[in-house]
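Report on one structure; see the data block that follows.
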Amino acid sequence: MTDHKEAITILGKTIHLGESKELSFEVAKLHTFNSVEVPVFIERAKKPGPTILLTAGIHGDEVNGVEIVRQIIEKGINKPKRGTIICIPVLNVFGFINLSREFPDGRDLNRVFPGTLKGSLASRVAYKLIQEIVQEVDFVMDFHTGGSGRFNAPQIRIIKGSKTLDQLATKFGAPFVLYSKNLNKSFRNTCHKLGKPILLFEGGKSFHIDNNVTIHGVNGIKRVLHSLGMLATKFKISTPKTDCVFINESKWIRAKYSGMFKATTPIGSFVTKGDFIGNITDPYGKFNHFVKADNTGYIINVNELPIVYQGDALFHISKELL
867 MTDHKEAITI
877 LGKTIHLGES
887 KELSFEVAKL
897 HTFNSVEVPV
907 FIERAKKPGP
917 TILLTAGIHG
927 DEVNGVEIVR
937 QIIEKGINKP
947 KRGTIICIPV
957 LNVFGFINLS
967 REFPDGRDLN
977 RVFPGTLKGS
987 LASRVAYKLI
997 QEIVQEVDFV
1007 MDFHTGGSGR
1017 FNAPQIRIIK
1027 GSKTLDQLAT
1037 KFGAPFVLYS
1047 KNLNKSFRNT
1057 CHKLGKPILL
1067 FEGGKSFHID
1077 NNVTIHGVNG
1087 IKRVLHSLGM
1097 LATKFKISTP
1107 KTDCVFINES
1117 KWIRAKYSGM
1127 FKATTPIGSF
1137 VTKGDFIGNI
1147 TDPYGKFNHF
1157 VKADNTGYII
1167 NVNELPIVYQ
1177 GDALFHISKE
1187 LL
């Protein structure tokens, strides 16, 4: 990543080395003729270097990712020693306002990339993001959370077989790195096809801000920027408490019965096949089913909903480690 562009063009605006810009990404016009705009924060050092994009809120209910990028801006971590940092804290501003995962047209923004110029509202936003922002960047970090009451341990998700992504994920220093395939029409898959390395961070759950998850996200960004020679000297980096656990394969444990659910083993724990890790009860004190680990591994996701139905995902456990 050795970009030496004197000028880059974002959303039709030219930004030179040493400049700072706050641009407006116009998402749509409302039926009231008011514009819906997403702020885009661009900081360019005088010294050339890579162009990094930090995004969050692609799902409007995943507020913990928004909080991570917000802190990066508030603390001035987005002002690089060299190169360029672009921050978009809330991509799906409609969903963020309404605490909804989807766009007003009912579509999941993360399933319509690379988008089309004359498609649905979500598709048009995806198209503009790719054509007018992503084309100029060298590397992306995208921040997400678990959905439907499921809490994700802080983790990086990448495709397998890329030495660049392996190295960047290791530098980020999240407790877990999960190899997973790029989903069709996702932002991650589109960036991959464009040759833009992307780290997808998962941590916490929707409708919730968790301080520990936020710390992992902010510290991870700082470590990556430091490794690229972009982190300002005044910021210190921390060493992860444990080495990254790389996970090649994982498995969901699903509820055998409907009822009231409680996990009894903390997320991130290493469990052995047959360990009791939670229980499902009825409201009347007549039934108590103990949930056992189907395999040995780390718990990387836990369902925190108090009521579950037969077949619901309860625990995500690593199956094969590297």
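Quick note on this note's numbering: the sequence shown kicks off at 867 and runs consecutively. Every residue, glycine too, gets a C-beta built ideally from N, C-alpha and C. The model shown is predicted, which means the values in this text are computed figures rather than measured ones.
(message) In this structure, how does DSSP classify F925 when only helix, strand and coil are distinguished?
(response) One detail in the question is off: residue 925 reads as His in this sequence, not Phe. It is coil, neither helix nor strand.
(request) Quick one: grab the DSSP three-state call for N964. (result) Here N964 sits in helix by DSSP.
(request) Enumerate in chain order the residues of its own chain whose CB-to-CB distance from N958 is below 7 Å, with the five nearest sequence positions on each side excluded. (result) G923, I924, H925, G926, F969, L975
(request) Within its chain, find whatever has a CB closer than 6 Å to the CB of K1185; leave out the 5 residues flanking it on each side and keep chain order. (result) E1115, S1116, K1117, N1161, G1163
(request) Return the chain-ordered ranges of every beta strand (DSSP E) run that is complete within the region 884-908 and spans a minimum of 3 residues. (result) Correct list: 886-895.
(request) Kindly list the residues whose CB is nearer than 7 Å to the CB of G1095, restricted to its own chain and excluding five residues on each side of it in sequence; keep chain order. (result) G915, K947, R948
(message) So for E872, helix, strand or coil by DSSP?
(response) E872 carries a coil assignment under DSSP once its states are collapsed to helix, strand and coil.
(request) Could you tell me if D1008 is buried or exposed, where buried requires 16 or more neighbouring beta carbons within 10 angstroms of its beta carbon? (result) That one is buried.
(message) By the three-class DSSP mapping on this structure, what secondary structure does L957 have?
(response) coil
(request) Would you mind stating whether E933 and I1075 have Cβ atoms separated by less than 8 Å? (result) The Cβ-Cβ distance between E933 and I1075 falls below 8 Å.
(message) On the DSSP letters alone, give me the boundaries of the beta strand (DSSP E) that I1081 sits inside.
(response) Run containing I1081: none in the beta strand (DSSP E); it sits in the alpha helix (DSSP H), 1077-1093.
(message) Assess contact between the region 934-942 and the region 1018-1032, defined as three or more Cβ pairs (one per stretch) separated by less than 8 Å. Is contact present?
(response) no
(message) Considering only DSSP beta bridges, list what P1023 is partnered with.
(response) Here residue 1023 turns out to be Arg, not Pro, going by the sequence shown. Answer by DSSP bridge pairing, in chain order: L1044, L1066.
(request) Take V1084 as the anchor and find which of S1104, I918, T1099 has the nearest alpha-carbon. (result) The residue with the shortest Cα to Cα distance from V1084 is S1104.
(message) Using C-beta distances below 6 Å, list every residue in its chain close to F1112, excluding the 5 sequence neighbours before and after it, in chain order.
(response) V1043, L1188
(request) Write down the C-beta distance between D971 and L987 rounded to the nearest angstrom, noting that I regard them as a contact closer than 8 Å. (result) With 8 Å as the limit, D971 and L987 qualify as a contact, their Cβ atoms being about 5 Å apart.
(request) My understanding is that V1157 touches F1017, with C-beta atoms under 8 Å, so please give their C-beta distance in whole angstroms. (result) Actually they are not in contact, since the Cβ atoms of V1157 and F1017 sit about 16 Å apart, beyond 8 Å.
(request) Compare the C-alpha of F907 against each of A894, F962, I999, T898 and name the closest. (result) I999
(message) Going by the DSSP bridge assignment, what does Y1164 pair with across the sheet?
(response) Bridge pairing for Y1164: F1136 [DSSP].
(request) Count the other C-beta atoms from every protein chain shown that fall within 10 angstroms of the C-beta of I1173, then say buried if there are 16 or more, exposed otherwise. (result) Exposed, by the Cβ-count rule.
(message) Whole angstroms are fine: how far does the CA of H1182 sit from the CA of V956?
(response) 27 Å
(message) Measuring alpha carbon to alpha carbon, tell me which residue in E909, E903, A873 is nearest K887.
(response) E909
(request) Leaving aside the five residues before and after G1140 along the sequence, list all residues of the same chain whose C-beta is less than 7 Å from its C-beta, in chain order. (result) Within its own chain, the residues whose Cβ lies closer than 7 Å to the Cβ of G1140, once the five positions on either side in sequence are excluded, are K1158, A1159, listed in chain order.
(request) Sort out for me which residues DSSP pairs N1018 with in a bridge. (result) G1070, N1167
(message) Between L1066, H1155, S989, I996, which has its C-alpha nearest G878's C-alpha?
(response) I996
(message) According to DSSP, is I939 part of a helix, a strand, or is it coil?
(response) helix
(message) Going by the DSSP bridge assignment, what does F1181 pair with across the sheet?
(response) As computed with DSSP, F1181 is found in a beta bridge with I1119, V1168.
(message) Taking the beta carbon of D1004 as the centre, do at least 16 other beta carbons fall within 10 Å, making it buried, or is it exposed?
(response) buried
(request) Could you pull the start and end residues of the alpha helix (DSSP H) that K1059 belongs to? (result) From DSSP, the alpha helix (DSSP H) with K1059 extends over 1053-1059.
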